[in-house]
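S.K.:
Residue numbers (our numbering): 291 to 572.
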């Protein structure tokens, strides 16, 4: 790549979306915590928790059974693969473009659904989403959708939600979009934010992006409250990232250790239910 081309790629793209927060998270080893319900999740709710995981696939064999209530978790890989198996809920291969959606609802235990497949390592994101009040105490459910079942729109995969006439098969809820995007070096892409989706953020797994500034792998970027477009261009090495947008969650976050609810009463009911159903999953 010529120096002139590299310079052109590195030039900032004028964008109506202002960056209000940038973080590289905290933690060491295979897991970096980029957002928690007690910090950036307060601004970006219903998106309340995000981990970037870069680990040997063997850790999937160890199992880590733990409970949740009031939330959904969304797991996507940006590199490598894992075999998932949850019996009647589904079996198959999770790799780039595939999705695990687990709606904890009233209470669930999970952490034993993955095993290594052909890749020695994997990299990806686990996201927590605060559920709407009408969904937070429903019965739990899992969905595993392999990559072939997820809509692709150019460089983007629609992990959850509805966008540009497409709808993900994931049974999330209206007013929330989540995309996985890979851009070639220098490729430009604009997210046309749906009306009312004033919450917006992205996080990079690989490469770099140019927007109002240059963003790098391992960073999470939170945008201002607006439904204006998000204009981006990949840096010289390309870019792989996730992007979320949503209608703002209207409730205060009531937090337990593994749970997020809209009220203290629902948190109390969720934690009681966690204890009640443990025998089903242990």
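Every residue gets a Cβ at the ideal spot worked out from N, C-alpha and C, and that includes glycine.
Taking contact to mean 3 or more Cβ pairs, one atom from each stretch, closer than 8 angstroms, check whether the stretch 362-372 and the stretch 382-402 are in contact.
M.R.: The stretch 362-372, when compared against the stretch 382-402, does touch it at the 8 angstroms Cβ threshold.
S.K.: Would DSSP call residue 440 helix, strand or coil?
M.R.: Looking at residue 440 - three-state DSSP - the assignment turns out to be coil, as it is neither helix nor strand.
S.K.: Do the stretch 335-342 and the stretch 369-381 meet, that is, are 3 or more Cβ pairs less than 8 angstroms apart?
M.R.: Because the criterion of three Cβ pairs below 8 angstroms is not met, the stretch 335-342 and the stretch 369-381 do not touch.
S.K.: What span of residues does the alpha helix (DSSP H) with residue 525 cover, start to end?
M.R.: That residue, residue 525, is in no alpha helix (DSSP H); its beta strand (DSSP E) goes 520-536.
S.K.: What are the start and end residues of each continuous alpha helix (DSSP H) run of 4 or more residues lying completely inside the stretch 331-389, in chain order?
M.R.: Those alpha helix (DSSP H) runs which fall completely within the stretch 331-389 and span 4+ residues are 331-334.
S.K.: Okay, do the stretch 469-481 and the stretch 526-539 touch, 3+ Cβ pairs below 8 angstroms being the bar?
M.R.: Yes, they touch.
S.K.: What separation, rounded to the nearest whole angstrom, lies between the Cα atoms of residue 294 and residue 498?
M.R.: Bear in mind that a pLDDT of 45 at residue 294, under 50, signals an unreliable position, so the number given afterwards is only what the model happens to contain. The alpha-carbon atoms of residue 294 and residue 498 are separated by roughly 18 angstroms.
S.K.: Start and end of the beta strand (DSSP E) containing residue 505?
M.R.: Counting along the chain, the beta strand (DSSP E) containing residue 505 begins and ends at 504-506.
S.K.: Going by CA-CA distance only, name the one from 347, 311, 527 that's closest to residue 496.
M.R.: Checking every option, the nearest Cα to that of residue 496 belongs to 527.
S.K.: Give the secondary structure of residue 569 by DSSP, where H, G and I count as helix, E and B as strand, and everything else as coil.
M.R.: Helix.
S.K.: With a floor of 3 residues, list each beta strand (DSSP E) that falls wholly inside the stretch 449-509, ordered by position along the chain.
M.R.: Listed in chain order, the complete beta strand (DSSP E) runs (minimum 3 residues) inside the stretch 449-509 are 466-473, 478-481, 489-500, 504-506.
S.K.: When we look at the beta-carbon of residue 569 and count the other beta-carbons within 10 Å, is it buried (16 or more) or exposed?
M.R.: Exposed, by the Cβ-count rule.
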